[in-house]
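Shown next, in structure tokens, is the structure this report addresses.
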Amino acid sequence: MTVDVDAPTALVAPAGPAPGRTRLHATPDLPDGPRRDVRGFTARQRFELFGGAGAGLALAVLLFGWFAPLSGGIGLAVVGFLSFLGLHVLLVSLDSDAQDVKDRLATVLFASAGTLLFGALVFIVAYTLARGAEALGHPNLLFQTMEKSGPLDPLSSGGIAHAIVGTLIQISIALAISVPLGIGTAVFLNEVGGKFARFVRTVSDAMTALPSIVAGLFVYAAIIQGVTHERSGFAAGIAITVMMLPIIIRSADVVLRLVPHNLREASYALGTSRWRTVWHVVLPTAKSGLVTSVILGTARGIGETSPVLLTSGITAAMNTNPFAGPMISLPLQVFDFVRSPEPTMVARGFGTAAVLLVLVLGLFMAARALGGRVPGDLSHRQRQAVQAASKRDEERFAARASGAVPAVHTPRRSA
Numbered sequence: 001m002t003v004d005v006d007a008p009t010a011l012v013a014p015a016g017p018a019p020g021r022t023r024l025h026a027t028p029d030l031p032d033g034p035r036r037d038v039r040g041f042t043a044r045q046r047f048e049l050f051g052g053a054g055a056g057l058a059l060a061v062l063l064f065g066w067f068a069p070l071s072g073g074i075g076l077a078v079v080g081f082l083s084f085l086g087l088h089v090l091l092v093s094l095d096s097d098a099q100d101v102k103d104r105l106a107t108v109l110f111a112s113a114g115t116l117l118f119g120a121l122v123f124i125v126a127y128t129l130a131r132g133a134e135a136l137g138h139p140n141l142l143f144q145t146m147e148k149s150g151p152l153d154p155l156s157s158g159g160i161a162h163a164i165v166g167t168l169i170q171i172s173i174a175l176a177i178s179v180p181l182g183i184g185t186a187v188f189l190n191e192v193g194g195k196f197a198r199f200v201r202t203v204s205d206a207m208t209a210l211p212s213i214v215a216g217l218f219v220y221a222a223i224i225q226g227v228t229h230e231r232s233g234f235a236a237g238i239a240i241t242v243m244m245l246p247i248i249i250r251s252a253d254v255v256l257r258l259v260p261h262n263l264r265e266a267s268y269a270l271g272t273s274r275w276r277t278v279w280h281v282v283l284p285t286a287k288s289g290l291v292t293s294v295i296l297g298t299a300r301g302i303g304e305t306s307p308v309l310l311t312s313g314i315t316a317a318m319n320t321n322p323f324a325g326p327m328i329s330l331p332l333q334v335f336d337f338v339r340s341p342e343p344t345m346v347a348r349g350f351g352t353a354a355v356l357l358v359l360v361l362g363l364f365m366a367a368r369a370l371g372g373r374v375p376g377d378l379s380h381r382q383r384q385a386v387q388a389a390s391k392r393d394e395e396r397f398a399a400r401a402s403g404a405v406p407a408v409h410t411p412r413r414s415a
């Protein structure tokens with residue numbers, strides 16, 4: 001059916017098309033049916049969810065305890081989950097259509113996957129903190145070195161201060177190299193482009209899957225055997241740079257792509273050059289995302305063990321010179337501690353792992369807090385600063401209009 005736009009709403013257009021008039025096709029009436037609620041749960045849906053879970057658990061217990069000679073907690077969990085899925089689908093299908101059954105099944109699967117991943121993370125963090133609580137209870141763990149302590153000494157003697165300092169020095173070297181190089185490469189990929197940019201993007205994407213041991217072997221062969229002839233903190237910093245660089249390039253590339261193109265076009269329309277546009281428009285707009293990419297790369301590099309195992313060396317003394325002598329880091333210190341058969345050394349290893357875990361989680365939380373806003377979205381403090389600057393500009397313009405402040409004429413430069 002068609003409706004004539006120029007005619008009254010209640011009239012139906014005649015059967016042939018009228019010349020010079022727009023024809024609209026009326027939307028056919030949708031079939032009546034219950035609306036599907038894709039968000040939230042009703043009382044019946046909660047009954048179907050918890051009823052299916054209880055029935056699935058009961059069925060799994062019967063299969064393991066009565067009908068089959070099965071055992072093991074993992075098998076019980078798998079059978080119970082599969083039974084829950086089947087029974088939940090059966091309960092939903094009693095009063096719902098096929099589309100609603102698919103929606104609820106997908107919801108359960110995604111929620112189960114998220115719960116499983118979150119549970120694994122909580123288990124790792126809780127287990128590490130619980131095993132390291134014995135060593136963390138002694139403050140000397142953070143302020144002493146292992147230079148005068150041995151495997152048989154109690155936890156009240158010795159610490160990981162040298163490993164903390166080594167980690168900070170190595171990650172500082174890696175940041176000093178990877179931050180300007182990574183962000184500069186991301187700017188090149190977005191602002192310049194071309195065939196070579198596509199080649200660089202392909203190489204950086206491939207480097208994200210580079211095994212860390214390969215990076216360590218490369219630095220060992222190129223720097224230690226070819227230049228320094230000894231393991232050092234500088235070589236470890238170069239190895240960490242190789243692991244951090246593709247992460248920073250890839251994440252910064254994605255962030256810079258999110259900068260609206262109309263900002264660049266407005267800057268070009270005012271006669272600004274490309275690099276001034278990048279420096280004063282693109283980079284400030286994507287500042288929070290670039291900080292997030294740097295923090296993500298730092299979190300990746302600070303937890304690497306294989307590259308520093310081949311490049312930094314192991315020592316029990318404090319070494320603040322990255323160009324001379326071995327310099328141990330926190331991941332390598334954990335590896336060295338847990339190799340010992342002594343319980344006190346293993347406890348120190350879990351305490352060191354807890355310190356490293358808290359440090360990495362803190363970096364990821366900082367990345368989440370700083371990268372939660374899209375480019376151009378200002379924080380509360382930034383909005384207050386912008387409002388204050390606008391108020392100052394308004395007062396200055398008002399004073400200039402009243403004649404209190406003479407206007408400053410800037411001579412135009414000749415082209």
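Yeah, the sequence shown ends on 415 if you go by the numbering used here, and it's all consecutive.
All residues carry an ideal CB built from backbone N, CA and C; glycine is no exception.
| task | Measure the beta-carbon distance from Thr145 to Met318 and round it to whole angstroms, keeping in mind my assumption that it falls under 8 angstroms. | result | Stepping through the sequence shown from its first residue, residue 145 is reached at position 145. Stepping through the sequence shown from its first residue, residue 318 is reached at position 318. Indeed, because the Cβ distance is near 5 angstroms, the residues count as touching under 8 angstroms.
| request: Select from Ile124, Ala130, Ala369 and Gly182 the residue whose C-alpha is nearest the C-alpha of Gly297. | output: Numbered from 1 along the sequence shown, position 297 holds the residue referred to as residue 297. Looking at the Cα atoms, Gly182 is the closest of the given residues.
| Are the region 277 to 295 and the region 131 to 142 touching, with three or more C-beta to C-beta distances below 8 angstroms? | Contact between the region 277 to 295 and the region 131 to 142 is absent, because fewer than three Cβ pairs lie under 8 angstroms.
| query | Applying the criterion that 16 or more other CB atoms from any shown protein chain within 10 Å of the CB defines a buried residue, is Arg400 buried or exposed? | reply | Numbered from 1 along the sequence shown, position 400 holds the residue referred to as residue 400. So Arg400 counts as exposed.
| Is the CB-CB distance between Val108 and His88 below 8 angstroms? | Your numbering for residue 108 matches position 108 in the sequence shown. Your numbering for residue 88 matches position 88 in the sequence shown. Yes, these two residues count as a Cβ contact at 8 angstroms.
| query | Between the region 208 to 224 and the region 268 to 286, do three or more beta carbon pairs fall short of 8 angstroms? | reply | no
| query | Which class does Leu24 belong to by DSSP, given the choice of helix, strand or coil? | reply | Walking along the sequence shown from the start, residue 24 turns up at place 24. The pLDDT assigned to Leu24 is 49, lower than 50, so where the model puts this residue is not dependable, and the model offers no usable value.
| field | Start-to-end residues for the alpha helix (DSSP H) that takes in Asp97 | value | Mapped onto the sequence shown, residue 97 falls at position 97. Neither: Asp97 is in no alpha helix (DSSP H) and is coded neither H nor E.
| In its own chain, which residues sit with a C-beta less than 7 angstroms from the C-beta of Ile247, not counting the 5 before and 5 after it? | Looking up residue 247 in the sequence shown gives position 247. Only Thr208, Leu296, Gly297 and Arg300 meet the Cβ criterion.
| Does the region 384 to 395 come close enough to the region 154 to 168 to have 3 or more Cβ pairs within less than 8 angstroms? | no
| query | Among Glu191, Ala55, Phe188 and Val242, which residue has its Cα nearest to the Cα of Val308? | reply | Here the question's residue 308 lines up with position 308 in the sequence shown. It is Val242.
| query | Within this structure, are the beta carbons of Ser212 and Ser306 separated by less than 8 angstroms? | reply | As a first step, residue 212 is located in the sequence shown; it is residue number 212 there, counting from the start. As a first step, residue 306 is located in the sequence shown; it is residue number 306 there, counting from the start. Contact flag set, yes.
| task | Check Leu290 in the structure and name its three-state DSSP category. | result | Start at 1 with the first residue of the sequence shown, and residue 290 comes out as number 290. The answer is helix: DSSP assigns Leu290 an H, G or I state.
| field | Where Leu11 sits in the DSSP three-state scheme | value | Residue 11 sits at position 11 when you count from the first residue of the sequence shown. Note on Leu11: pLDDT 41, under 50, position unreliable in the model; the coordinate value appears next. Reduced to three states, the DSSP call for Leu11 is coil.
| request: Kindly indicate which three-state DSSP category Asp421 falls into: helix, strand or coil? | output: Outside the displayed span of the chain (1 to 415) sits residue 421, for which this structure offers no information.
| Tell me which same chain residues have a C-beta within less than 8 angstroms of the C-beta of Ala369, skipping the five on either side of it? | As a first step, residue 369 is located in the sequence shown; it is residue number 369 there, counting from the start. There are no such residues.
| query | Looking at the structure shown, is Met345 part of a helix, part of a strand, or coil, going by DSSP? | reply | For this step, residue 345 is matched to residue 345 along the sequence shown. Helix.
| Using a Cβ-Cβ cut-off of 7 angstroms (strictly less than) and excluding sequence neighbours within five positions of Leu91, which residues of its own chain qualify? | Taking the first residue of the sequence shown as 1, we reach residue 91 at position 91. Correct list, in chain order: Glu48, Gly51 and Gly52.
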